[in-house]
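Q: Submitted below is the structure of interest, expressed as structure tokens.
What follows is the structure, encoded as structure tokens:
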């Protein structure tokens, strides 16, 4: 394993390593504050290596390829001036970490919170997030998931157009500020999950191809050239991405990585790159004595992704469970557009609770094929669930959150359905106070042709999906600014109540062991198709809870579905006046003979 | 499983089935001898179905797609007039089979013979092959492998540009004559292996895209659009190719399929199409009570291809072992061009004998990556070996056979090295008499632009690989004619002697159980790097043989490598005067203390 990048040493030297297997010469050209050029030496694996003495940290440099082409470092740690400018040396030893006592948060205990640095706060920086950590802690969040921070063009981007996987976005604050954020998170008992993109690189500022065969034309992704994980001359590419994962763990103390759209990682090698990555991360965790997690976003419903490495799986610790979202979403918001057409039956909600994947080999109308494999044998703690996320909100033409589409009773029901599931819950920033700002798609590429292509592409896409009207211009600064969370909303009692409601259900999940323990053992689901009633019973040792969820728009009598074992007490009714609901219909204590009535679009949680 | 195509019934009706999932109407338009049009009905899986009564076999028809587009049947059984013309109805029940007693040849007993219909005989037809069956039988061949016969444009093609997977090439004689050939082969105790192409379709006359999503842009093959085995809307595509495999077994009595370049079959589904195919073929074999085999051509050195389905393998019965060829070839012909650069060490020959894959995770200089997995645990009978094949000959610029590149002593050594290996041997047509006609690349597309592209492509390819001069024009009829085997050569004693030599070594392989039994048990290989000496000892029960092979160009004394257990008799010395060699140097009977001397480039086989 070769460490790539420019490594600043205690003795004020800097070691440079770059992979360029078929090039004839590589020089490092330091531009400032000194000016000097040093030839690198090539080893048999195609890595060029050299050491420059007496150099200052934060020096800026370029590589000169074959004597004429000047390019930033593919493994640049910082692009202070943006994607087209020289790279900047970083001294990774200089940061004073204060998280020595940090033990991490076990994956199964995480309450995740997905956020986008630029729009989470007005500042749009890592420092901005730090100011919200007390708030997040009060809410009960113990893991933030940061959308990608690898350097992208200019300042406005979701992060999936990053072109320097190792360089932390300059406008967010760069590497130093990310370290500070992680350090502060850990001191607030909050883990940090970083979203990383290993399936493509963005279209602007991507100079990797000038160094080596990082890309292959054998496969195609919807987002750009596929990364060369299995074609000829791939060893430096595989190493580059594995090094990238380890880099975040080692130098930024990141706790887990969320791997973006792994269905765009094409690898027919006998050992899939994800499996190799899982092995290397496991080795690192063992050396460090602290577990680091890999969480995949996967559109494949393929059990192999999260099956153990020993059983021919890729060994990812967990993956996002889209089927859970889609099942709930189509019932709650009655949306049937696009891939939602495969969902909308309450039995799918039940299956998602009981088994995970809803499509486990069944015919999918949207995909027009039999799709998926069963995940019934896999632990619920291997799935992350959500009722909103950046994609499900942002890929709507107008970027509406669920709060802009359904009433607040439905919102609370959806929140409970997620929080009392046996899966790891993830909120999307602002969801906890029913934020009403949209999360739109925005970019700020410098290449005008590219901007135009993106603008036209989005128009076309939405018109193909029968959306009416025109999408907001992704390049317009206003589109970005509109997407920033409006924190002032919290002064409004309605939003404040929603925050309190979320805080309450998070606290319940953490305090009741039947809700906290993520196993299929002790889980039973009953339902009534006509009434859209789902009852989830969960037990763990002495702890027993029962959650009645009425997905219909009518008040229902759920006595026939009585799962009450002995006198149980009502823990929370989402329809309670306290949460701005119409008022509970259930007594505080119920027995197996009690009448149970539930308001439209609400849930009642009972505990023994 | 839906049977596609036009099925002629006893009652003089014909049932038509075609997959066109997103079309609004499909009609069958019979053009001759009657004229009529019948609307087909669509089922929920996207298949259109209909029956036409009172129709003659050999009627010609088209499909009318959405009321205006007239196209041949994607599953046409016969394109009597070529790729751009209407399809022809075939009555598959009319052929009178006479092979009722045929029991098949077990894979591990096969002596294969690869042939190209067009150039194997002057006629260039299936009938032409029939006239050679006595000859092949005399040689000892018990399985012919026919290069692809699916309809391609005009008459000159290797077969990999086929565009109607179910239609037998008209210029070869069409479906009836192929049946006759198979029937005759079976009566000559010869099995028939058919080469089929499931990784792409040819560039001319491919109208499948007008019916449905047969292709995907997600992947790219070097030969054309990738087939949609795993993208949306793939069920009709998977079925189409599975039906194709079963079609050859059921209606043509084919014994085994050779699956062309399966590394171009991209399928990330949980169940790979090859695995599904293996399951379906197994089911068919069970119903029929006769085993049908699947043999993959694979460039992946991936053990999963031939591992059992139950152990997460794809369950192919066997695969071609390119590493065996390359190891031997580079020693024998001292060629280091292209991918041969990864070979040339005698230890690789030894590894190929002992383990199968030479590259089992090692770094490949040609591929610039670590490559392959170990096949040591797999049975030798799962590998097909050769010292020449259509690619290794035809992909040379001048299409030279090994006989045109090395002397006849080397040829005999190579032949023995193959025949006495623990693998299934395969000859390339004419190899047995050291044919000196080249096997060139030829095409006869009608599309002039395409022809030009192919011509230029080949020029470019060869110049990139440092071949000097210009390749013969693939479109020139002379290139094709030149490639036809010159059977008159057999009147020449030198060629006749080579034939006798091949017949002898085949007969030895069949008669000695140590040579016939394809297991690693009882196999031991010793070697001497300096002398390029390899000694293969094989035992099975009482049968024990020892083959001394001298790959060097000097006479060597192999006493130091003595593997003689007890007095053993010399079975054959390739350097014998009988085979036009310089004369044997070994006594007829040897013991453990005997001096063993071997001529340059020759082998001696001893048996107990």
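Protein chains in written order, with the working numbering: chain A, 1 to 608; chain B, 609 to 1216. From the three backbone atoms N, C-alpha and C, an ideal C-beta is built for every residue, glycine too.
1) Under 9 Å, Cβ to Cβ, is there at least one residue of chain B near residue 148(A)?
2) Hey, is the segment 1198 to 1210 of chain B in contact with the segment 1121 to 1132 of chain B, meaning 3+ C-beta pairs nearer than 8 Å?
3) When DSSP labels each residue in this structure, what does residue 55(A) get in the three-state scheme?
4) Can you list, in chain order, the residues of its chain whose CB lies under 7 Å from that of residue 483(A), leaving out five sequence neighbours each side?
5) Report the residues of the segment 7 to 38 of chain A with a CB closer than 7 Å to any CB of chain B, ordered along the chain.
6) How would you write the range of the beta strand (DSSP E) that residue 570(A) sits in, first residue to last?
7) Listing by chain order, which chain B residues have their CB less than 9 Å from the CB of residue 78(A)?
8) Considering Cα atoms alone, identify which of 27(A), 337(A), 365(A), 390(A) is closest to residue 462(A).
9) Would a C-beta distance cut-off of 9 Å place residue 502(A) and residue 140(A) closer than the cut-off?
10) Which whole-angstrom value is the C-beta distance of residue 572(A) and residue 546(A), which I expect to be below 8 Å?
11) With 7 Å as the C-beta to C-beta threshold (strictly closer), list the residues of the segment 820 to 844 of chain B near chain A in chain order.
12) Is the CB-CB distance between residue 806(B) and residue 852(B) below 9 Å?
13) Should residue 43(A) be labelled buried (16 or more other beta-carbon atoms within 10 Å of its own) or exposed?
14) Is the segment 199 to 218 of chain A in contact with the segment 110 to 118 of chain A, if contact means three or more CB pairs nearer than 8 Å?
15) Counting contacts by CB-CB distance shorter than 9 Å, is residue 373(A) in contact with chain D?
16) Check each candidate in 921(B), 910(B), 1022(B) and name the one with the smallest Cα separation from residue 935(B).
17) Using beta carbons (cut-off 9 Å, strictly below), is residue 369(A) in contact with chain B?
18) Three or more C-beta pairs under 8 Å: does that hold for the segment 204 to 224 of chain A against the segment 122 to 130 of chain A?
19) Does the beta-carbon distance from residue 319(A) to residue 296(A) come in below 9 Å?
20) Comparing the C-beta of residue 871(B) with each C-beta of chain A, is any distance below 9 Å?
21) Count the other CB atoms, across all protein chains shown, that sit within 10 Å of the CB of residue 11(A); report buried if there are 16 or more and exposed otherwise.
22) Apart from the five residues on each side of it in sequence, which residues of its chain come closer than 8 Å, Cβ to Cβ, to residue 371(A)?
23) Around the C-beta of residue 446(A), are 16 or more other C-beta atoms found within 10 angstroms, so that it is buried, or is it exposed?
24) From residue 588(A) to residue 570(A), what distance separates their C-alpha atoms?
25) Residue 256(A) to residue 249(A), Cα distance in whole Å?
26) Say whether the segment 225 to 237 of chain A touches the segment 77 to 93 of chain A, bearing in mind that this needs 3 or more beta-carbon pairs closer than 8 Å, one atom from each stretch.
27) Any beta carbon of chain B sitting closer than 9 Å to that of residue 47(A)?
28) Under 9 Å, do residue 25(A) and residue 60(A) count as touching if we go by C-beta distance?
29) If we count Cβ pairs, one from each stretch, closer than 8 Å, do we get three or more for the segment 1186 to 1201 of chain B versus the segment 1093 to 1110 of chain B?
30) Report yes or no: is there a C-beta of chain B within less than 9 Å of the C-beta of residue 210(A)?
31) According to DSSP, simplified to helix, strand and coil, what is residue 41(A)?
32) I think residue 1143(B) touches residue 1151(B), with their Cβ atoms under 8 Å apart; what is that distance to the nearest whole Å?
33) Go ahead and pull the three-state DSSP assignment for residue 208(A).
34) Alpha helix (DSSP H) containing residue 9(A): first to last residue?
35) Compute the beta-carbon to beta-carbon distance between residue 423(A) and residue 383(A), rounded to the nearest angstrom, for a pair I have assumed lies under 8 Å.
36) Looking at the unbroken beta strand (DSSP E) that takes in residue 266(A), where does it start and where does it end?
A: Considering the structure as presented:
1) On the first chain, position 148 is the one that residue 148(A) refers to. Cβ-Cβ to chain B under 9 Å: no for residue 148(A).
2) no
3) As a working note, residue 55(A) is residue 55 in the first chain. If DSSP states are grouped into helix, strand and coil, residue 55(A) belongs with coil.
4) The residue you call residue 483(A) lines up with position 483 of the first chain. These residues qualify, in order along the chain: 119, 399, 437, 438, 439, 440, 442.
5) 21
6) Against the first chain, residue 570(A) aligns to sequence position 570. First-last of the beta strand (DSSP E) with residue 570(A): 568 to 573.
7) On the first chain, residue 78(A) is found 78 positions in, with the first residue counted as 1. Chain B residues near residue 78(A): none, gap ~30 Å exceeds 9 Å.
8) Locating residue 462(A) in the first chain gives position 462, where the first residue counts as 1. Of 27(A), 337(A), 365(A), 390(A), the residue nearest in Cα terms is 337(A).
9) Here the question's residue 502(A) lines up with position 502 in the first chain. Here the question's residue 140(A) lines up with position 140 in the first chain. Going by C-beta atoms, residue 502(A) is nearer than 9 Å to residue 140(A).
10) Locating residue 572(A) in the first chain gives position 572, counting from the first residue. Locating residue 546(A) in the first chain gives position 546, counting from the first residue. Contact flag wrong, Cβ pair sits at about 12 Å.
11) 825, 826, 827, 828, 840, 841, 842, 843
12) Here residue 806(B) refers to the residue found at position 198 of the second chain. Here residue 852(B) refers to the residue found at position 244 of the second chain. Contact: yes.
13) The residue labelled residue 43(A) in the question sits at position 43 within the first chain. It counts as exposed.
14) no
15) No chain D is present in this structure, whose protein chains are A and B.
16) Position 327 of the second chain, counting from 1, holds the residue named residue 935(B). For residue 935(B), the nearest C-alpha among the options comes from 1022(B).
17) Reading the first chain from its first residue, position 369 is the one you call residue 369(A). Yes, contact with chain B.
18) no
19) Translated into positions along the first chain, residue 319(A) becomes position 319. Translated into positions along the first chain, residue 296(A) becomes position 296. Yes, these two residues count as a Cβ contact at 9 Å.
20) As a position in the second chain, residue 871(B) is number 263, starting the count at 1. Output row for residue 871(B): interface = yes.
21) For the purposes of this step, residue 11(A) is taken as the residue at position 11 of the first chain. Exposed, because fewer than 16 other Cβ atoms sit within 10 Å of the Cβ of residue 11(A).
22) Sequence index remark: in the first chain, residue 371(A) carries index 371 (1-based). These residues qualify, in order along the chain: 301, 359, 361, 362, 363, 364.
23) Position 446 of the first chain, counting from 1, holds the residue named residue 446(A). With fewer than 16 other Cβ atoms within 10 Å, it is exposed.
24) Residue 588(A) sits at position 588 when you count from the first residue of the first chain. Residue 570(A) sits at position 570 when you count from the first residue of the first chain. When rounded, the distance between both Cα atoms is 5 Å.
25) Taking the first residue of the first chain as position 1, residue 256(A) is located at position 256. Taking the first residue of the first chain as position 1, residue 249(A) is located at position 249. Answer to the nearest angstrom: the Cα atoms are 8 Å apart.
26) no
27) Indexing the first chain from 1 puts residue 47(A) at position 47. No, its Cβ sits nowhere closer than 9 Å to a Cβ of chain B.
28) Within the first chain, the letter at position 25 stands for residue 25(A). Within the first chain, the letter at position 60 stands for residue 60(A). No, these two residues do not count as a Cβ contact at 9 Å.
29) yes
30) Along the first chain, one-based indexing puts residue 210(A) at 210. With 9 Å as the cut-off, residue 210(A) does not count as an interface residue toward chain B.
31) On the first chain, position 41 is the one that residue 41(A) refers to. Of the three classes helix, strand and coil, the one that applies to residue 41(A) here is strand, per DSSP.
32) For the purposes of this step, residue 1143(B) is taken as residue 535 along the second chain, with counting starting at 1. For the purposes of this step, residue 1151(B) is taken as residue 543 along the second chain, with counting starting at 1. The pair is not a contact, with the Cβ atoms about 17 Å apart (cut-off 8 Å).
33) Indexing the first chain from 1 puts residue 208(A) at position 208. Note: residue 208(A) maps to helix in three-state DSSP.
34) Within the first chain, numbered from 1, the residue matching residue 9(A) stands at position 9. Note, residue 9(A): premise wrong, no alpha helix (DSSP H); not H, not E.
35) Here the question's residue 423(A) lines up with position 423 in the first chain. Here the question's residue 383(A) lines up with position 383 in the first chain. The pair is a contact, with the Cβ atoms about 4 Å apart (cut-off 8 Å).
36) Position 266 of the first chain, counted from the first residue, corresponds to residue 266(A). Run containing residue 266(A): none; DSSP gives neither H nor E here.
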